[in-house]
Ligand SMILES: Nc1ncnc2c1ncn2[C@@H]1O[C@H](COP(=O)(O)OP(=O)(O)OP(=O)(O)O)[C@@H](O)[C@H]1O
Ligand SMILES: Nc1ncnc2c1ncn2[C@@H]1O[C@H](COP(=O)(O)OP(=O)(O)OP(=O)(O)O)[C@@H](O)[C@H]1O
Ligand SMILES: [Mg+2]
Ligand SMILES: [Mg+2]
């Protein structure tokens, strides 16, 4: 599985439509303090179904939506799309999978898989069901690292165990 | 007041007698991860009377004493001296003040002011009494900074207030 | 499920000993299940001892050493169960130059199998990237993403220093 | 004591607005006593708003912005009540190049009145130092301190990169 493209609109500090092409290998995201790098990471967690506000550094849902700048007014919703190339991990799905999530300030949420509206549950089911398993340890920052060093590795061990079991089952 | 010299013996990762001459202006302490830079800061806090083990990154007193390396055995005590130039802040004391503190693994402690044995109380009294006031906000690291940003600035405000009052009194 | 957990644990422990050794030559590491009779619920004890240092509490390690330990463990999990992508947010901040280089070199190797995204302020890490995106806020409060080449980054830093 | 506290508060607030402005041009900052009738025990509200950003919770600022805010406040206290010495342990770790330069330049000015000791991995900060001491552990587990000159540091880093 490979991430292909990320699109942001109205998400945190990205009011304008922003398209980020994601290449193979290693991509570095650089820039001054406060310019929005960690926000990009938050958007990826969020579109992949993260429900814990703390994991996207918010205390209220409306903090996900662009709250305005000196020149621009606040926006009405945050919208993030992530296009992934399915390289066989999701046997029942097409070769390209687009996940999209939108949150309105009014509190409503919408979700789409390949342009078809769906529920968050379905996105979660896809991500759990693939051979890639959960996304549990894909995003690492200083606080996650401190947790690991503190011994909080049970989730990680269970994921490692979960996938090993799945692999055993597939070879039966 | 100016710090003139720091001497370490048996303190944390400094088994051998180490003398550090402290110049005016700005001194940078550099080196690889884990080489002992923060330990030098701990030694300064400690010799200035710090009693909270957490402030010198220990959970037990004996962690202050060199615990041995591949080649060297552990040591029996930690000894730190700090020589300060009194530039008039401590009117009743000589122009050079040497504070020294020693801790034995057995649990005993010794303190000296200018080579005369004394109690910790007397070192604390000196440091409180000078026009420099407490050492309350002399050492800053990431966790201290996080505390400040979290609003934990009362100590700092009180020190600032304390000294301002002292200055008013002196000008009466 | 229990034996599956135990084989995962054994695999991760194996990898951790290797990655720790990569970052701490001459050092030793281990993972121990404190309650060996109940592995699934047992707390895990992490042991990491750099060369020449007495094995005591992890909290006695320096900030940079603890970061390297966490990174070794994280890479150990990826070696056992590689997720298709990995996002890293400034994990190189507390590292000295030599350790940043080791970290970046490890990622340069990992990226052949895993899509790696790393946020960094460090040029050594940037140098190992295949693609660099700059996030800017020319208009205050408004983020924008642009493609950059490594020499743009270097020129920008020189320009910053000359101001 | 209460009026002494209040004048200290006012002075720190004044200085904080200046230091914040130095690190965040175009930004605004403030300190507020939440319980104005009981200043001594009142919690203090810290407000720091970089240019163009909506004023909300401090927690919404980035890691680097929060570090800069803390540093601004710390420097504000020093401007009001300068202790004779200041020890800094790697506060520049989360800062980008431009902010490290501002931080180091501020210290270069402060050091005329205050004896500054700074632990750092950052060359920009080292360049502003009058004296550099290297702490090494050639013998594993045994710390040693040596005098270094800035070009030794640079040569060492080049040597590290060439390995
Ligand atoms: N809903 C929102 N609307 C507008 N701006 C926002 C919103 N949420 C966060 N921001 C802004 O985004 C900025 C933080 O961005 P981010 O955390 O991505 O920075 P960063 O590039 O990771 O910086 P650093 O290098 O310091 O970690 C903050 O200044 C914050 O004010
Ligand atoms: N009592 C002791 N005896 C021997 N070694 C000790 C003792 N206490 C701490 N150490 C060692 O000192 C080292 C930590 O040193 P220190 O925290 O000063 O590093 P540092 O130079 O600040 O590194 P970093 O740049 O990563 O912050 C640890 O590796 C630890 O094992
Ligand atoms: Mg960030
Ligand atoms: Mg340190």
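Chains as they are written, first to last, in the numbering used here: chain A, 992 to 1163; chain B, 992 to 1163; chain C, 389 to 551; chain D, 389 to 551.
We put the beta carbon where it would ideally sit given N, CA and C, even for glycine.
Please return the same chain residues whose Cβ sits closer than 6 Å to the Cβ of residue i, not counting the five positions on each side in sequence.
i              : result
residue 1088/B : 1075 and 1077
residue 1163/B : Low confidence applies here, because residue 1163/B scores a pLDDT of 37, under 50, leaving its location unreliable; read the following figure in that light. Correct list: empty, nothing qualifies.
residue 1005/B : 999
residue 534/C  : 522
residue 422/C  : 430, 431 and 433
residue 489/C  : 512
residue 640/D  : The structure shown does not extend to residue 640/D, since chain D is modelled only from 389 to 551, so the question has no answer here.
residue 1168/B : In the structure displayed, chain B extends from 992 to 1163; residue 1168/B sits before or after that span and is not available.
residue 1084/B : 1077
Along the alpha helix (DSSP H) that carries residue i, what are the first and last residues, could you check?
i              : result
residue 388/C  : Outside the displayed range of chain C (389 to 551) lies residue 388/C, so it cannot be described from this structure.
residue 486/D  : 485 to 498
residue 468/D  : 451 to 468
residue 1031/B : 1028 to 1038
residue 402/C  : 390 to 411
For residue i, list the residues DSSP reports as bridge partners.
i              : result
residue 1104/A : 1090/A and 1107/A
residue 1009/B : 999/B
residue 1075/A : 994/A and 1088/A
residue 1082/A : Bridge partners of residue 1082/A: none, in fact.
residue 1017/B : 504/D
residue 523/C  : 533/C
residue 1131/A : 476/C
residue 1070/A : 1000/A and 1093/A
residue 1056/B : 1002/B
Determine the extent of the beta strand (DSSP E) in which residue i is found, giving its start and end residues.
i             : result
residue 418/D : 416 to 421
residue 435/C : 432 to 437
residue 476/C : 473 to 477
Could you name the residues of the same chain whose beta carbon sits closer than 8 Å to that of residue i, not counting the 5 residues immediately before and after it, in chain order?
i              : result
residue 1041/A : 1047
residue 390/C  : 427 and 428
residue 440/C  : 414
residue 419/D  : 397, 400, 401, 404, 432, 433, 434 and 435
residue 393/C  : 427 and 428
residue 537/C  : 520
residue 424/C  : 430
residue 1028/B : 1020, 1021 and 1022
residue 525/C  : 531 and 532
residue 1057/A : 1001, 1002, 1003, 1004, 1005, 1006, 1063, 1065, 1066 and 1069
Which residues in the same chain as residue i place their Cβ atom closer than 7 Å to its Cβ, once the five residues preceding and following it in sequence are excluded?
i              : result
residue 1130/B : 1032 and 1036
residue 452/D  : 482, 483, 484 and 487
residue 1114/B : 1040, 1090, 1102 and 1104
residue 1161/A : With a pLDDT of 40 at residue 1161/A, under the threshold of 50, the modelled position of that residue is not reliable, and no figure is offered here.
residue 1111/A : 1040 and 1102
residue 514/C  : 508, 520, 538 and 541
Ligand 5 and residue i: does the residue's C-beta get closer than 6 Å to at least one heavy atom of that ligand?
i             : result
residue 485/C : Looking for ligand 5 in the displayed structure turns up nothing; the ligands present are ligand 1, ligand 2, ligand 3 and ligand 4.
> Going along the chain, which residues of the region 481 to 511 of chain D sit with their C-beta nearer than 7 Å to a C-beta in chain A?
Replying inline: Hits within the stretch, in order: 483, 484, 486 and 487.
> When Cβ atoms are compared, which residues of the region 529 to 546 of chain D fall closer than 8 Å to chain B?
Replying inline: Listed in sequence order: 529, 530, 531, 532, 533, 536 and 541.
>> So if I threshold CB-CB distances at 9 Å, which residues from the region 443 to 467 of chain C count as touching chain D?
In response: Result list: 451 and 452.
>> Against chain D, which members of the region 429 to 443 of chain C pass a CB distance test of less than 9 Å?
In response: If the cut-off is 9 Å between Cβ atoms, the region 429 to 443 of chain C has 438, 439, 440, 441 and 442 near chain D.
> Listed from N- to C-terminal order along the chain, which residues in the region 400 to 432 of chain C have their beta-carbon within a distance smaller than 7 Å of any beta-carbon of chain D?
Replying inline: Within the region 400 to 432 of chain C, the residues whose Cβ lies closer than 7 Å to some Cβ of chain D are 414, listed in chain order.
> Got a sec: which bits of the region 997 to 1026 of chain B sit with their beta carbon under 9 Å from any beta carbon on chain D, in order along the chain?
Replying inline: Residues passing the 9 Å Cβ filter: 999, 1003, 1004, 1005, 1006, 1007, 1009, 1010, 1011, 1012, 1013, 1014, 1015, 1016, 1017, 1018, 1019, 1020, 1021, 1022, 1023, 1024, 1025 and 1026.
> Listed in chain order, which residues of the region 1029 to 1042 of chain B have Cβ atoms closer than 8 Å to some Cβ of chain D?
Replying inline: Answer in chain order: 1029, 1030, 1031, 1032 and 1035.
>> Closer than 8 Å between beta carbons: that is the criterion. Which residues of the region 1053 to 1071 of chain A meet it against chain C?
In response: Taking 8 Å as the Cβ-Cβ cut-off against chain C, the residues of the region 1053 to 1071 of chain A that qualify are 1059, 1060, 1061, 1062 and 1063.
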